[in-house]
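Engineer: Positions 9 to 472 (the numbering used here) are the ones given, in order, by the sequence shown.
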Amino acid sequence: MEKKNNSFSGTVGFILAAAGSAIGLGNIWRFPYYAAKNGGGVFLATYLFLLLTFGITLLITEISIGRKTKHSPLKAYGVIHPRWRWIGIFSTLVPFIILPYYCVIGGWVLKYFTVFLCGNLEHAVDPGYFGAYITGMAQPLAFMAVYIFLTAFVIYRGINEGIEKMSRILMPILLLLVIAIAIFCLTISHNDGTVTRTGLEGLWIYLVPDISGMTVGDFFSVILDAMGQLFFSISVAMGIMIAYGAYFDDCGNIFKSATQIEFFDTFVAFLAGVMIILPVYVFLGKEGMSASGPSLLFVSMPKVFNAMGAVGHVVGAAFFLMVFFAALTSSISIMEAVISSLMEAFSWSREKATIIEGIIAVAIGVLVCLGYNVLYFEMPLPNGATGQILDLFDFFSNNIFMPVVAIATCLLIGWGVTPAVVIEEMTKNGEEFRFKGIYSVMIRFIVPLLLLILFLQSVGILKV
Ligand code: PFF
9 MEKKNNSFSG TVGFILAAAG SAIGLGNIWR FPYYAAKNGG GVFLATYLFL
59 LLTFGITLLI TEISIGRKTK HSPLKAYGVI HPRWRWIGIF STLVPFIILP
109 YYCVIGGWVL KYFTVFLCGN LEHAVDPGYF GAYITGMAQP LAFMAVYIFL
159 TAFVIYRGIN EGIEKMSRIL MPILLLLVIA IAIFCLTISH NDGTVTRTGL
209 EGLWIYLVPD ISGMTVGDFF SVILDAMGQL FFSISVAMGI MIAYGAYFDD
259 CGNIFKSATQ IEFFDTFVAF LAGVMIILPV YVFLGKEGMS ASGPSLLFVS
309 MPKVFNAMGA VGHVVGAAFF LMVFFAALTS SISIMEAVIS SLMEAFSWSR
359 EKATIIEGII AVAIGVLVCL GYNVLYFEMP LPNGATGQIL DLFDFFSNNI
409 FMPVVAIATC LLIGWGVTPA VVIEEMTKNG EEFRFKGIYS VMIRFIVPLL
459 LLILFLQSVG ILKV
């Protein structure tokens, strides 16, 4: 693995880059949707509890594996224990599959940013606009290719000059945008002819736990939603935190850094809820709050910005710029996980690996884009949804490979070696780690069991 000028300069650089990875599309289009669907505060409280138990266990484990072995995800597992080398192949496959389709979505975000920037909001308001755009030919392909080029450019420049420098610039801007837009959303109100709804009423709906009519089964499904979202959001089980961990300073405090990464990730997810749930409630009412994923971002939000009047153009442009930065810092980390593995597997230079993987990602990205026009099909998925090529990729990576990698990682650390391997790495500079006992129980029993339940539910075997 490369040294010199190719590791983070210190703890701050590492935290910004890793938080940049964690804060992504998942925070913006999935977290608010789950919160709205699962009784607001009930979801938030469950999520926070899981973050401090389940999430932190997985995050410190992966960062420690990376830093201890100083290898890419492909090799790191085999260095911990040769018999578990196979996990490395899966954990490299995950970012390899995710990168092209994440960049296709990144291209959509870039397109919407340019629409708002050019003052063409009224086009984007048309309910058919988004569908017509993604089923088109030239534009989605071009925006995807530009987006991959931007991602690859940062990777090409290396850890220090590329990833860290970019994170130091984009992350503060991202946080400022998030805070500014969220504060603005607290101040809005709208009268639709019959009632006036305010941002503060929306905040009430978002925050106050709504347990009316909630059964035990419903609560179980809130836990599963929160766990699935958390797992996706903190970028574990996809090689990223191992790759970044390998570039982390040996003197840095892993536990403290991991808690800070989680804090930033959750802070942005929470504020994403403020800037999405509040205006959707104010301008579209409670019925508007059932949209999720792409339709929430690309159909509901333009409607909301349009309803805001002239100021909506500016707020909308700022919003899509913020989403673009969030997506870019994530796709960079996804690509780095693949690049570091390719460099080690074939002894390629960073430049060569970046160019080859960039070309492969564009080629697969073309296939994903064509999935909405010439290659269109409707594929029923085991979790009950139907999807196109993008959803199929998403299903395999998130519902199958990621849980397998995460469960196998727990078994390797909990039983194949011992939790002491991770604890030693975390305390090697004399750092205090008060939760050694809890960590061991979590990684051996609780986390793999929870992951197994999540896996069975996401492939449709367990129904809740
Ligand atoms: N954690 C990032 C997000 O929430 O968008 C990055 C990411 C996670 C990308 C999982 C893709 C993915 F499947």
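A virtual CB, placed ideally from N, CA and C, is assigned to each residue, including glycine.
Under 6 Å Cβ to Cβ from residue 28, same chain only, skipping five residues before and after it: list those, please.
Structural biologist: Looking up residue 28 in the sequence shown gives position 20. Cβ within range, chain order: 175, 179, 337.
Engineer: What do you reckon, are the CB atoms on residue 150 and residue 366 nearer than 8 Å?
Structural biologist: As a first step, residue 150 must be located in the sequence shown, where it is residue number 142. As a first step, residue 366 must be located in the sequence shown, where it is residue number 358. Contact flag unset, no.
Engineer: Any idea if residue 453 is buried or exposed, counting beta-carbon neighbours within 10 angstroms, 16 or more meaning buried?
Structural biologist: Locating residue 453 in the sequence shown gives position 445, where the first residue counts as 1. The residue in question, residue 453, is exposed, as its Cβ has fewer than 16 Cβ neighbours within 10 Å.
Engineer: Tell me whether residue 11 sits in a helix, a strand or coil according to DSSP, three-state version.
Structural biologist: Counting from 1 along the sequence shown, the entry for residue 11 is found at position 3. Legend: pLDDT at residue 11 = 47, less than 50; position of this residue unreliable, value from coordinates given subsequently. Coil.
Engineer: Could you tell me the alpha carbon to alpha carbon distance between residue 344 and residue 319, rounded to whole angstroms?
Structural biologist: In the sequence shown, the residue the question calls residue 344 occupies position 336. In the sequence shown, the residue the question calls residue 319 occupies position 311. Straight-line Cα distance between these residues: approximately 38 Å.
Engineer: Three or more C-beta pairs under 8 Å: does that hold for the segment 299-310 against the segment 209-224?
Structural biologist: no
Engineer: Does the beta-carbon distance from residue 74 to residue 353 come in below 8 Å?
Structural biologist: Sequence index remark: in the sequence shown, residue 74 carries index 66 (1-based). Sequence index remark: in the sequence shown, residue 353 carries index 345 (1-based). Not closer than 8 Å, so no.
Engineer: Residue 304: beta carbon under 7 Å from a heavy atom of ligand 1?
Structural biologist: Walking along the sequence shown from the start, residue 304 turns up at place 296. Flag unset: Cβ of residue 304 not near ligand 1.
Engineer: Per DSSP, residue 122 forms a beta bridge with which residues?
Structural biologist: As a first step, residue 122 must be located in the sequence shown, where it is residue number 114. Answer is none; residue 122 lacks a bridge partner.
Engineer: Does the Cβ of residue 34 lie closer than 7 Å to at least one heavy atom of ligand 1?
Structural biologist: Translated into positions along the sequence shown, residue 34 becomes position 26. Answer for residue 34: yes, Cβ within range of ligand 1.
Engineer: Can you find the residues in the same chain that come closer than 8 Å, C-beta to C-beta, to residue 157, ignoring five residues on each side of it along the sequence?
Structural biologist: Looking up residue 157 in the sequence shown gives position 149. Within the same chain, residue 157 has close Cβ partners 366.
Engineer: Which one of 330, 49, 227, 411 has the shortest CA to CA distance from residue 98?
Structural biologist: In the sequence shown, residue 98 corresponds to position 90, counting from 1. When each option's Cα is compared against that of residue 98, the closest is 411.
Engineer: Could you name the residues that DSSP lists as bridge partners for residue 103?
Structural biologist: Residue numbering aside, residue 103 sits at position 95 when the sequence shown is read from its first letter. DSSP, once it has assigned bridges, lists no residue as partnering residue 103.
Engineer: Quick check on the burial criterion: 16 or more other C-beta atoms within 10 angstroms. Buried or exposed for residue 384?
Structural biologist: Counting from one through the sequence shown, the residue named residue 384 turns up at place 376. Under this definition residue 384 is an exposed residue.
Engineer: Using only CA atoms, which one of 347, 69, 297 lies nearest to residue 171?
Structural biologist: By 1-based counting over the sequence shown, the position of residue 171 is 163. Comparing Cα-Cα distances from residue 171 to each of 347, 69, 297, the minimum goes to 347.
Engineer: So is the beta-carbon of residue 30 under 7 Å away from any non-hydrogen atom of ligand 1?
Structural biologist: Within the sequence shown, the letter at position 22 stands for residue 30. Yes, the Cβ of residue 30 comes within 7 Å of a heavy atom of ligand 1.
Engineer: For residue 119, count neighbouring Cβ atoms within 10 angstroms of its own Cβ and tell me buried if that reaches 16, exposed if not.
Structural biologist: Along the sequence shown, one-based indexing puts residue 119 at 111. By the neighbour-count rule (16 or more Cβ atoms within 10 Å), residue 119 is buried.
Engineer: Which residue's Cα is closest to the Cα of residue 257: 168, 33, 39, 323?
Structural biologist: Numbered from its first residue, the sequence shown carries residue 257 at position 249. Nearest C-alpha to residue 257: 168.
Engineer: Identify the continuous alpha helix (DSSP H) that holds residue 267 and give its terminal residues.
Structural biologist: As a first step, residue 267 must be located in the sequence shown, where it is residue number 259. Run containing residue 267: 262-292, per the alpha helix (DSSP H) assignment.
Engineer: Excluding the five sequence neighbours on either side, which residues of its own chain have a C-beta within less than 6 Å of the C-beta of residue 248, listed in chain order?
Structural biologist: Along the sequence shown, read from residue 1 onward, the residue named residue 248 stands at position 240. So the qualifying residues of the chain are 29, 341, 345.
Engineer: Here's a check: name, in chain order, each residue in its chain whose Cβ is nearer than 6 Å to the Cβ of residue 26, leaving out the five neighbours to either side.
Structural biologist: Residue 26 sits at position 18 when you count from the first residue of the sequence shown. The residues are 252, 269.
Engineer: Which value, in whole angstroms, describes the spacing of the CA atoms of residue 50 and residue 217?
Structural biologist: By 1-based counting over the sequence shown, the position of residue 50 is 42. By 1-based counting over the sequence shown, the position of residue 217 is 209. One C-alpha to the other measures close to 5 Å.
Engineer: For a test of the three-state rule: what should DSSP assign to residue 198, helix, strand or coil?
Structural biologist: The residue labelled residue 198 in the question sits at position 190 within the sequence shown. The answer is strand: DSSP assigns residue 198 an E or B state.
Engineer: Any chance the CB of residue 246 is under 7 Å from a heavy atom of ligand 1?
Structural biologist: Taking the first residue of the sequence shown as position 1, residue 246 is located at position 238. Residue side-chain check: residue 246 places its Cβ nearer than 7 Å to a non-hydrogen atom of ligand 1.
Engineer: I want to know whether the segment 273-287 touches the segment 186-199 - three or more CB-CB distances under 8 Å.
Structural biologist: yes
Engineer: Check whether the Cβ atoms of residue 32 and residue 245 lie closer than 8 Å to each other.
Structural biologist: Start at 1 with the first residue of the sequence shown, and residue 32 comes out as number 24. Start at 1 with the first residue of the sequence shown, and residue 245 comes out as number 237. No, they are not a contact pair.
Engineer: For residue 64, which of 397, 262, 111, 310 has the nearest alpha-carbon?
Structural biologist: Here residue 64 corresponds to residue number 56 of the sequence shown, with the count starting at 1. Comparing Cα positions, the closest option is 262.
Engineer: Using a threshold of 7 Å, is the CB atom of residue 342 nearer than that to any non-hydrogen atom of ligand 1?
Structural biologist: Here the question's residue 342 lines up with position 334 in the sequence shown. Residue 342 Cβ: within cutoff of ligand 1.
Engineer: Output needed for residue 54: all residues of its chain with C-beta closer than 7 Å, excluding positions within five of it in sequence on either side, in chain order.
Structural biologist: Taking the first residue of the sequence shown as position 1, residue 54 is located at position 46. For residue 54, where only same-chain residues beyond five positions count, the Cβ hits under 7 Å are 230, 231, 234.
Engineer: Can you tell which of 288, 362, 183, 467 has its C-alpha closest to the C-alpha of residue 162?
Structural biologist: Residue 162 sits at position 154 when you count from the first residue of the sequence shown. Minimum Cα distance to residue 162 is reached at 362.
Engineer: Which same chain residues, not among the five before or five after residue 10, have their C-beta less than 6 Å away from its C-beta?
Structural biologist: If you number the sequence shown from 1, residue 10 lands on position 2. Any reading at residue 10 must be qualified, since the residue scores a pLDDT of 46, below 50, and its modelled position is unreliable; no value is offered.
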